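K.L.:
Sequences listed follow chains A and B, in order. Position 419 of the first sequence, counting from 1, maps to 563 under the working numbering, and the rest follow consecutively. Position 218 of the second sequence, counting from 1, maps to 362 under the working numbering, and the rest follow consecutively.
2 protein chains.
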Amino acid sequence: MAITPQKQDYSQWYLDVAKEADLFEYAPVTGCITFLPKSVTLWQKIRETMQKKLDLLGVQNMMLPLLIPMSYFEKEKDHIEWFAPELAVVTHGWGKQLDEPYAIRPTSELLFCQFFKNRLTSYRDLPLLYNQWANIIRWEKRTRPFLRTTEFHWQEGHTLHESHDEANAFALSILHDVYIATIRDLMAIDGIVGRKSESEKFAGADTTYTFEPMMGNGWALQICTSHLLGQGFMRGFDVTFQNREGWLENPYYTSWGLSTRSIGGIISSHGDDRWIIIPPRMSEYGAVILPIYGKENTDRVNAYVREIASIVTGSQTEIPVRGEYFRAYVGDETKTLIDFRNIRLGEKIAEWEISGYPQRIECGERDIEQRTCVVASRITGEKKIVPLDELQSTLALMAEAGQKALLEKSRVRLRENTVPCKSLEDIGEAVNDGKFALYEWDKNPAFEQEIKDRFKATTRCIPFEGQFTDMLLTPEKSDTVMVVVARNF
Amino acid sequence: MAITPQKQDYSQWYLDVAKEADLFEYAPVTGCITFLPKSVTLWQKIRETMQKKLDLLGVQNMMLPLLIPMSYFEKEKDHIEWFAPELAVVTHGWGKQLDEPYAIRPTSELLFCQFFKNRLTSYRDLPLLYNQWANIIRWEKRTRPFLRTTEFHWQEGHTLHESHDEANAFALSILHDVYIATIRDLMAIDGIVGRKSESEKFAGADTTYTFEPMMGNGWALQICTSHLLGQGFMRGFDVTFQNREGWLENPYYTSWGLSTRSIGGIISSHGDDRWIIIPPRMSEYGAVILPIYGKENTDRVNAYVREIASIVTGSQTEIPVRGEYFRAYVGDETKTLIDFRNIRLGEKIAEWEISGYPQRIECGERDIEQRTCVVASRITGEKKIVPLDELQSTLALMAEAGQKALLEKSRVRLRENTVPCKSLEDIGEAVNDGKFALYEWDKNPAFEQEIKDRFKATTRCIPFEGQFTDMLLTPEKSDTVMVVVARNF
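#1: Measure from the C-beta of B/Ile463 to each C-beta in chain A and report whether the shortest distance is under 9 Å.
#2: Would you kindly work out how many angstroms separate the C-alpha atoms of B/Leu272 and B/His320, rounded to a whole number?
#3: When we look at the beta-carbon of A/Lys600 and count the other beta-carbons within 10 Å, is it buried (16 or more) or exposed?
#4: If the cut-off is 9 Å on Cβ atoms, which residues from the region 297-317 of chain B count as contacting chain A, listed in chain order?
#5: Let's test the definition: count the other Cβ atoms within 10 Å of the Cβ of B/Gly525 and tell me whether it reaches 16, buried, or not, exposed.
#6: Judging by CA-CA distance, which residue of A/Asp350, A/Leu201, A/Ile224, A/His305 is the nearest neighbour of A/Ala317?
#7: Could you tell me whether the region 403-421 of chain A touches the region 284-292 of chain A, where touching means 3 or more Cβ pairs closer than 8 Å?
#8: So, is A/Pro607 buried or exposed, given that buried needs 16 or more other C-beta atoms within 10 angstroms?
#9: Mind listing the chain A neighbours of B/Gly202? Cutoff is C-beta to C-beta under 8 Å, in chain order.
#10: So that I know if they touch, is there some Cβ in chain B lying closer than 9 Å to that of A/Tyr469?
#11: Return yes when the Cβ of B/Cys507 is within less than 9 Å of the Cβ of B/Ile452, no when it is not.
#12: Which runs of the beta strand (DSSP E) spanning at least 3 residues fall entirely within the region 454-531 of chain B, listed in chain order?
#13: Would you say B/Glu495 lies against chain A (beta-carbon separation less than 9 Å)?
#14: Name the chain B residues that come within less than 8 Å of A/Trp238, Cβ to Cβ?
#15: Mind the definition here: the region 323-332 of chain A touches the region 239-255 of chain B only if three or more C-beta pairs lie below 8 Å; say whether that holds.
#16: Pull up the CB-CB distance for B/Pro181 and A/Met206, whole angstroms please, since I reckon it's below 8 Å.
#17: B/Met206 versus chain A: which residues are under 7 Å apart at the beta carbon?
#18: Hey, which unbroken runs of the alpha helix (DSSP H) at 4 residues or more fall wholly within the region 270-337 of chain B?
#19: Just to make sure I have the definition right: I need the residues of chain B whose C-beta is within less than 9 Å of the C-beta of A/Glu491. Which are they?
#20: Taking all protein chains shown into account, do 16 or more other C-beta atoms lie within 10 angstroms of the C-beta of A/Gly430, making it buried, or fewer, making it exposed?
#21: In terms of DSSP beta bridges, what is A/Trp400 paired with?
#22: Hey, could you find the ends of the alpha helix (DSSP H) B/Asp222 is sitting in?
#23: For the region 438-465 of chain A, enumerate the residues whose C-beta is nearer than 8 Å to any C-beta of chain B, in chain order.
#24: How big is the Cα-Cα spacing for A/Ala630 and A/Lys579?
#25: So, at 7 Å on beta carbons, what are the nonlocal neighbours of B/Leu616 in its own chain, with the 5 sequence-adjacent residues on each side left out?
#26: Can you have a look at B/Asp597 and say buried or exposed, based on whether 16 or more other CB atoms are within 10 angstroms of its CB?
#27: Quick one: residues in its chain with C-beta nearer than 7 Å to the C-beta of B/Val449, no 5 flanking neighbours on either side, listed in chain order?
#28: If we cut at 9 Å on Cβ distances, does B/Lys479 have a partner in chain A?
#29: What does A/Tyr583 touch in chain B if you count any residue whose Cβ is under 8 Å from its own?
#30: What is the DSSP secondary structure of B/Met359, reduced to helix, strand or coil?
#31: Using DSSP bridges, identify the partner residues of B/Lys240.
#32: Which residues in the same chain as B/Ile177 place their Cβ atom closer than 7 Å to its Cβ, once the five residues preceding and following it in sequence are excluded?
#33: With a threshold of 8 Å, are at least 3 pairs of Cβ atoms found where one atom belongs to the region 346-358 of chain A and the other to the region 262-282 of chain A?
#34: Classify A/Leu373: buried if its beta carbon has 16 or more other beta carbons within 10 angstroms, exposed otherwise.
#35: Taking 9 Å as the CB-CB cut-off, is B/Val322 touching chain A?
#36: Is there contact here, the region 510-526 of chain A with the region 469-476 of chain A, by at least three beta-carbon pairs under 8 Å?
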């Protein structure tokens, strides 16, 4: 399949490259995809990394029902307005019409609120810190694999706190210590951190915090949000606790989510005209091993690559993963895959480069004598002959260099394509060029409507201090803020 | 809350004890429960253990859609008959009626078949080995927490093979190397392994393999099944491959699942009139630490229990997990929880015993001088004073002894309550006494209807050889089989 060049049609490039890398298939359900093993592995790595961080914050996992009684949606006005058009509604069960229809969860605030009601008596019960890994359905009109699908997967955290300040601090801790740490260190993606404008914040939230990376085309991706919901939902569901002064009070609520949309961020941030790149820390395989066959050396070469696979993983066991030619070695720390197909080396290399795995090992007859192999990085382009006793350390160093290079590329892209703007015309020029525009905004919502109508752009966030310090100068007027304007990926 | 004695009403005991141990809450959705953190942790341990074993078999994870077009159910006749009454049907999306309704998956054979169709050309593409961790909805009339809930969680494996024998061997490998290994070694539950009768096997399967443990009341729990589906589904969906002889052929299909029902098995198998017991290998906490306060020593005791928590986990960081008094230490290998409430020690102990965590540490003023603490096992009843430098090894040994004791209890129960029967009257007596009946069966389905009508019992499995060798004698007639009859938990 030919991959459409990015310059020609970025959206088509995105679809082509994700399909070619075997990340998804379209499913026979409107707007849904089948997540193939490679994208499931990416999600699993994100999940494991975040789970460790959540454990350290004392967050506990729950599993709430998939279905929500429709009547619950009446309890929070903003919430129903936001979600009503997107709901998938179950009307039949037991082969007959149900007395009350259920919605498939578009998010779980409503069920968590109901749950909290029974768990809370006194300030001594607080904080309550919960999370769940779940699937979500939002019936979207326009869908794009990973970025916007009718069904997606995410984690959603829901916590209650005694005070506004504690809740706010926790929402920020999730943003920084869990989300940004994972996005930067694991996914190798940089972005701008801040809060959403009034019109862009979550339905029912006091404040929505966000981290907005720049994708390959200079558009912004909302990769995670952390909401200080405050007391609104709590009032709707009449959730109260006895505070330290003995009065009944509504607790302060936070919710926060990061979804499989992030896989789309990885594709776009690290991909180029030819292929995607999986960040080394997210790669299922520490290396893919490609034996080079001559005329009659097949058995010797095969024995040698098996030895290499054992060195890389520490495992002696060969596992059939798919069909006749692909075999894996699974170690405690890393896996490797051997491609035993007897096809031209160039063809093999080309295929594995498209697949996006960051490192490969090639070896043939000549290497056996020398006890060496060739190790190549898809990211840095480095390729060298390595003695077997240096193989493990070389792979580890190469992986870290690759991981660093990807993050640096993302950082530089963001840095070089973020520009201060003084007028609407400046903003239009910036977003048309695939850039983030920084603008001093008087907080008038009419501005947001205008940039949407004229440039198909939105306000992405009001950045926290300390970023782009040379550009993000203190606003000149006291009633204005700096805002990032960009197109939505 | 008072826990109903097992002898009085086992079903009520089960509900009481699961509720009291904080494993679930009833959800505001018919037949659904909210899985509280403790049961989610149990499921997570099962998932991690099985995932490692699946990795070693080369099985890859997928995520297929939650929704299945209703028209797909027409393609496999047995399948639709089995599942039609249990389907939850989505009829509305985008705020309007959908052109085609969708069912929420009651299992995913239909979508996997459609998926396989596009993946398969030649025998060289086989085997295809996939699994997914997913939520399922089956609209059941009678539900019981964990055992039978409208929504439940499971893994479902779906594999294709070149030959009947290879598929059969794989279905058996899943049964033995993944399921039974996990159920015995992690959940500490023993059972009988075999295959289901014609009428009890899965809709559309050639053979269904099963492992049936005996619950605390002598009833059987179908905890996992592994199906050799053969070529039936493949024909319905027209999935073919070119075989080694060059002919088009349908591949051989296996599917297999283990669900959150297993949590019900843990409750029943290890619980008694007073409480549940969590097997040590499944426990979130290596130990729960209970400080004993005197009159004015609170700070000293608190400092000492913090030191103990650090020794147990290797972590110095205290994490608030819930409310004011509960703090966790999270190490790489294990976690521990400190209950800082200043209440009577007896009350504290009683509460933690009900919670089911297998080990606790108590320590007070006196221990500080001696540099000791008291370690107690909920399983073996062992309780002893341990110097701090022996604490880690003592906990590890105690955990293994407890794990072993639980499995042995399960093994002995099964052994002592499985009886050979010569007549229907014998069977009736056995199942009324809470026993498994072994019976030489002529495979006439009328027998299955009769034991259902008269004793509310079903055939559980036709056991493989090598179990109960003194009882499971070779059937006397050539056209009969030995069968296990029991009540369904």
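Just so it is clear, CB atoms sit at the ideal spot from N, CA and C, and this is done for glycine as well. Since the model is a prediction, treat every value here as computed from it, not as a measurement.
P.N.:
So, to answer that:
#1: yes
#2: Approximately 20 Å, taken between the alpha carbons.
#3: Taking all protein chains shown into account, A/Lys600 has fewer than 16 neighbouring C-beta atoms within 10 Å of its C-beta and is therefore exposed.
#4: His297
#5: exposed
#6: The amino acid at residue 317 of chain A is misidentified as Ala; the sequence shows Ser. When only C-alpha atoms are compared, the closest one is A/Leu201.
#7: yes
#8: buried
#9: Ile463, Pro464, Val465, Arg466, Ala472
#10: It does; some Cβ of chain B falls within 9 Å.
#11: yes
#12: 463-466, 470-474, 479-483, 503-507, 516-521, 527-531
#13: no
#14: Pro229, Glu230, Trp283, Lys285
#15: no
#16: 6 Å
#17: Thr178, Phe179, Leu180, Pro181, Val184
#18: 308-317, 325-329
#19: Chain B residues near A/Glu491: none, gap ~16 Å exceeds 9 Å.
#20: buried
#21: A/Gly301, A/Ser370
#22: It spans 221-227 - the alpha helix (DSSP H) in which B/Asp222 sits, taken as one unbroken run.
#23: Thr461, Ile463, Pro464, Val465
#24: 7 Å
#25: For B/Leu616, where only same-chain residues beyond five positions count, the Cβ hits under 7 Å are Leu582, Pro607, Met626.
#26: exposed
#27: Ile433, Pro435, Ile482, Cys507
#28: At least one C-beta of chain A is nearer than 9 Å to the C-beta of B/Lys479.
#29: Within 8 Å of the CB of A/Tyr583, no CB atom of chain B is found; the nearest one sits about 35 Å away.
#30: coil
#31: B/Gly237
#32: Cβ within range, chain order: Phe168, Glu169, Tyr170, Ala171, Pro289, Thr293.
#33: no
#34: Buried: at least 16 other Cβ atoms inside 10 Å.
#35: no
#36: no
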